[in-house]
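Working notes, beginning with the structure itself.
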Amino acid sequence: MDPSSSLSDEQKRSVVIWAERRTNFVEGINCRVWRIKRPSEFGKNERGIEVGDGQLLTLQWSEILERLTPDVIEVSGTLNPFSELVEALNRLPKETLQHFFGHVQSLRIANWDFPPSRLISLLALVSHLCAFSYCDLNLSDADFDKILSALSDLQLRAVDASGGHFDRLLRNLNIELIRFCSSPGVQTTDFANSTLTSNSVKMLAAQELCFSETVPDAELFLSKLLDRFPMLEILFLDWNIVDPELVFDERSRNCADSLIKIFKLQNLKSLVVLAYTPTHESKSVMAEMIRYFSSKGITDCDWYQFGTKGLFDGMSNFSVFLAGHDLAIRARFREITCDGRNPSPTLVDFLYVLDGKIDLRSAQETFEFGGFDCKLVTSSFLNAKQSTYIS
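Using the numbering used here, the letters of the sequence shown correspond one by one to residues 462 to 852.
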């Protein structure tokens, strides 16, 4: 009997997807990423810059569901085919859905323009989800609460905090890792005025805040950190929360004193400070800061410099200060920043630092879904490519 005869018409349909070209066929598939986006954005990041070399493939829907199961799902951009995908998934057998989504550990949502019920439908399928990243959801408080209710049923370990949702996150989720990021950032006053405490948060990554012109944001944030997270063990701070470029004036010294206090009170496993140091002067300031940390008793530390991708070898524009007694965690921090030449680690990067067994940083296979209308997907992608060449 032909195996295809047992497939429904739904599963027999053809689908055009974009696939990034693989360069390493020796390494096994440890991480597979699926992105859901407009076909005109295939192969581009969220700023519209081409970042991947790939091609269109035509596959049977059943083949995708059976063989190309994701570990990471990303939904980005407005007017993407997410609703179309959810409707198609609702017509599939339960066992097919369990197989396809059974390995998903990370979900990232950006520029959301769908009702929360669509996202809740997806969350019901990803039972092994451990990281949820989001920005620009454009949801009401009531709708965001519905999302949190669905997330609370999962064994979530890591989450982004952005916008005005900080209290709701702490109230609804028992997480180990929280990342403060932008689009939009958390208001420092909301963080400081909160009365909630999370004993589950072990690791904090502070990369962005929503700054106020009337409040000393960095000082206020650091002064309230242990009120919110009394069991903190690992702290990453992007110095741009204090200043865009590193200087070591009285304000910076006060922030350094707060970090030293937190480090000693908590006996932190790891403290990491990342700073933008593009000039000789800013690198000298970083050296001065490290001497200051050492004078306060933090002597077991490392200082690394690295250049972002695109700079010539040997050039550097960022510095990383690492301290703490857990050398394995410090080594993983170095991996995600210096070795990866990455000044803006993502939630999955930080999850790897927290738990070295979960490594979703680099995908061996990346696929992008733009809808079920094969002709429309193909023409939209090719027209966008042609426009890029002309411009």
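Positions of the beta carbon are idealized from the N, C-alpha and C atoms, including for glycine.
Sort the options by Cα distance to residue i and report the nearest one.
i: Ala717; options: Gly758, Thr738, Arg689; result: Gly758
i: Pro502; options: Ser655, Asn541, Ser475; result: Per the sequence shown, residue 502 should be read as Glu rather than Pro. Checked all of Ser655, Asn541, Ser475; the closest Cα to Glu502 is Asn541.
i: Ser713; options: Ser643, Lys685, Asp678; result: Asp678
i: Cys596; options: Ala622, Glu488, Leu615, Asp606; result: Ala622
i: Leu783; options: Val734, Leu681, Leu821; result: Val734
i: Cys435; options: Leu729, Lys770, Ser582; result: With the chain running from 462 to 852 in the structure shown, residue 435 is simply not present.
i: Leu843; options: Leu517, Val703, Tyr737; result: Leu517
i: Arg424; options: Ser613, Asp606, Gln521; result: Missing from the structure shown is residue 424; the chain here goes from 462 to 852 and no further.
i: Leu772; options: Asn572, Gly563, Ile478, Pro739; result: Pro739
i: Thr539; options: Arg508, Ile525, Ala571; result: Ala571
i: Ser731; options: Asp761, Val703, Gly775, Arg791; result: Arg791
i: Ser610; options: Arg629, Gln472, Leu638, Phe641; result: Arg629
i: Ala845; options: Gly504, Val477, Phe652; result: Gly504
i: Ser805; options: Glu711, Leu698, Ser756, Ser755; result: Leu698
i: Leu600; options: Ser594, Phe575, Leu586; result: Phe575
i: Leu586; options: Ser469, Ile478, Asn506, Leu558; result: Leu558
i: Ala824; options: Leu670, Glu669, Phe486; result: Phe486
i: Leu525; options: Arg483, Asp787, Ser544, Val476; result: First, the residue type needs correcting, since residue 525 is Ile and not Leu in the sequence shown. Comparing Cα-Cα distances from Ile525 to each of Arg483, Asp787, Ser544, Val476, the minimum goes to Val476.
i: Glu706; options: Thr760, Ala667, Thr649, Asn778; result: Asn778
i: Leu840; options: Lys685, Phe543, Ile478; result: Reading the sequence as shown, one finds Ser at residue 840 and not Leu. Selected option, being the one with the closest Cα: Ile478.
i: Ile723; options: Ser745, Arg689, Tyr737; result: Arg689
Could you tell me whether the Cβ atoms of residue i and residue j are closer together than 8 Å?
i: Phe561; j: Thr519; result: no
i: Val494; j: Glu535; result: yes
i: Leu687; j: Leu634; result: no
i: Pro645; j: Asp604; result: no
i: Leu681; j: Leu720; result: no
i: Asp532; j: Cys591; result: no
i: Leu615; j: Leu631; result: no
i: Ser743; j: Trp764; result: no
i: Gly831; j: Arg499; result: yes
i: Val647; j: Phe627; result: yes
i: Arg618; j: Ser594; result: no
i: Leu638; j: Phe833; result: no
i: Phe709; j: Leu670; result: no
i: Val809; j: Ser643; result: no
i: Leu649; j: Val676; result: Before going on, a small fix: residue 649 reads as Thr here, not Leu. Going by C-beta atoms, Thr649 is nearer than 8 Å to Val676.
i: Met919; j: Gly785; result: The structure shown does not extend to residue 919, since the chain is modelled only from 462 through 852, so no value can be given for it.
i: Phe652; j: Lys607; result: no
Following the continuous beta strand (DSSP E) through residue i, name the residue where it begins and the one where it ends.
i: Ile639; result: 638 to 641
i: Ala585; result: Unbroken run through Ala585: none, as it is neither H nor E.
i: Val703; result: Val703 -> no beta strand (DSSP E), and no H or E assigned at all.
i: Phe754; result: Element bounds for Phe754: not the beta strand (DSSP E) but the alpha helix (DSSP H), 741 to 756.
i: Phe782; result: 779 to 784
i: Glu481; result: 475 to 481
i: Ile497; result: 493 to 497
i: Phe697; result: 695 to 699
i: Ser731; result: 731 to 737
i: Asp621; result: 619 to 622
i: Leu665; result: 664 to 667
Specify, as a first and last residue, the run of the alpha helix (DSSP H) that residue i falls within.
i: Cys596; result: Counting along the chain, Cys596 falls outside any alpha helix (DSSP H), though it belongs to the beta strand (DSSP E) covering 592 to 596.
i: Val512; result: Per DSSP, Val512 belongs to no alpha helix (DSSP H) and is neither H nor E.
i: Thr649; result: 649 to 654
i: Gln825; result: Where Gln825 is concerned, there is no enclosing alpha helix (DSSP H), given that its DSSP letter is neither H nor E.
i: Pro600; result: Note that residue 600 is Leu in the sequence shown, not Pro. From DSSP, Leu600 is part of no alpha helix (DSSP H); its letter is neither H nor E.
i: Leu815; result: 808 to 815
i: Ile721; result: 711 to 727
i: Phe767; result: Phe767 -> not in any alpha helix (DSSP H); beta strand (DSSP E) instead, spanning 762 to 767.
i: Asp688; result: 678 to 689
i: Leu788; result: 788 to 795
i: Phe627; result: 627 to 633
For the segment 747 to 766 and the segment 678 to 695, state whether three or more C-beta atom pairs, one from each stretch, are separated by less than 8 Å. Flag = no, the segment 747 to 766 and the segment 678 to 695 do not touch.
Should the segment 553 to 560 be regarded as contacting the segment 497 to 516, the criterion being three or more beta carbon pairs within less than 8 Å? no
Okay, do the segment 662 to 679 and the segment 806 to 816 touch, 3+ Cβ pairs below 8 Å being the bar? yes
Alpha helix (DSSP H) runs contained entirely in the segment 523 to 577, provided each spans 4 or more residues: Taking only runs of at least 4 residues, the alpha helix (DSSP H) segments lying wholly in the segment 523 to 577 are 543 to 550, 555 to 562.
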